[in-house]
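Engineer: In this note's numbering, the protein residues as written are 58 to 199.
Even glycine gets a Cβ: it sits at the ideal position worked out from N, Cα and C.
This structure is a prediction, so every number in the text was calculated from the model and none was measured.
Below: one structure in structure tokens.
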């Protein structure tokens, strides 16, 4: 059963990249997000290729692989593809489904338009990327 606009917006609200986005801006993201289903072992994003989409996992799971090494497994609520969509450079990893997987997808041109039309989305993305980078580069605190 296809996701409703409200459910797409709710799923995007749960994505750490869009933390703090509310109301009309969140509805705009949900409105432009497309629901996409992938079979097991489907390559969604390929290392070295220019990315044209940002994805949030709705259900299922994916493996993130760089140079043949598995870096991570992502599941519902996790996202990928933001770097290539933002900077226009090639993907840094391949993302392959582990099981049948459903994602919400934003094409790069939709992603960019959302940021231009809704400044709070751009600010949320900056904060989300900063938090992600900080979590990978700072030592744990006790």
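So what does DSSP say about residue 116, is it helix, strand or coil?
Structural biologist: Along the chain shown, one-based indexing puts residue 116 at 59. In this structure, residue 116 counts as strand in the three-state DSSP scheme.
Engineer: Tell me, which residues are paired with residue 72 by DSSP?
Structural biologist: Stepping through the chain shown from its first residue, residue 72 is reached at position 15. Note: residue 72 sits in no beta bridge, so no partner.
Engineer: Measure the Cβ-Cβ separation of residue 189 and residue 150 and say whether it is below 7 angstroms.
Structural biologist: Looking up residue 189 in the chain shown gives position 132. Looking up residue 150 in the chain shown gives position 93. Their beta carbons are not under 7 angstroms apart, which means residue 189 does not touch residue 150 by this criterion.
Engineer: Please classify residue 97 as buried or exposed, where buried requires at least 16 neighbouring CB atoms within 10 angstroms.
Structural biologist: Here residue 97 is taken as the residue at index 40 of the chain shown, counted from 1. Answer is exposed; the Cβ neighbour count stays below 16.
Engineer: Helix, strand or coil for residue 196, going by three-state DSSP, please let me know.
Structural biologist: The sequence position of residue 196 within the chain shown is 139, counting from 1. If DSSP states are grouped into helix, strand and coil, residue 196 belongs with coil.
Engineer: What are the uninterrupted segments assigned as beta strand (DSSP E) that are 3 or more residues long and contained completely in the stretch 117-157, given in chain order?
Structural biologist: Segments of the beta strand (DSSP E) lying fully in the stretch 117-157: 119-123, 126-131, 151-154.
Engineer: Pull up the CB-CB distance for residue 171 and residue 89, whole angstroms please, since I reckon it's below 8 angstroms.
Structural biologist: As a working note, residue 171 is residue 114 in the chain shown. As a working note, residue 89 is residue 32 in the chain shown. Right, their Cβ atoms sit about 6 angstroms apart.
Engineer: Using a 10 Å radius around the Cβ and a threshold of 16 neighbouring Cβ atoms, would you call residue 158 buried or exposed?
Structural biologist: Reading the chain shown from its first residue, position 101 is the one you call residue 158. Buried: at least 16 other Cβ atoms inside 10 Å.
Engineer: Should residue 194 be labelled buried (16 or more other beta-carbon atoms within 10 Å of its own) or exposed?
Structural biologist: As a first step, residue 194 is located in the chain shown; it is residue number 137 there, counting from the start. Looking at its Cβ environment, which holds fewer than 16 other Cβ atoms inside 10 Å, residue 194 is exposed.
Engineer: How about residue 181: is its Cβ closer than 6 angstroms to a heavy atom in the ligand GDP?
Structural biologist: The ligand GDP is absent from the structure shown, which contains no ligands of any kind.
Engineer: Can you tell me whether residue 107 is buried or exposed? The criterion is at least 16 other CB atoms within 10 Å of its CB, across all chains shown.
Structural biologist: As a position in the chain shown, residue 107 is number 50, starting the count at 1. The residue in question, residue 107, is exposed, as its Cβ has fewer than 16 Cβ neighbours within 10 Å.
Engineer: With residue 84 as the anchor, note down where its alpha helix (DSSP H) starts and where it stops.
Structural biologist: For the purposes of this step, residue 84 is identified with residue 27 of the chain shown, where counting begins at 1. Segment 80-89, the alpha helix (DSSP H) holding residue 84.
Engineer: Taking the alpha-carbon positions, what's the residue 61 to residue 165 distance?
Structural biologist: In the chain shown, the residue the question calls residue 61 occupies position 4. In the chain shown, the residue the question calls residue 165 occupies position 108. Cα to Cα, residue 61 sits roughly 22 angstroms from residue 165.
Engineer: Starting from residue 101, trace the beta strand (DSSP E) both ways and give me its first and last residue.
Structural biologist: Translated into positions along the chain shown, residue 101 becomes position 44. Counting along the chain, the beta strand (DSSP E) containing residue 101 begins and ends at 100-102.
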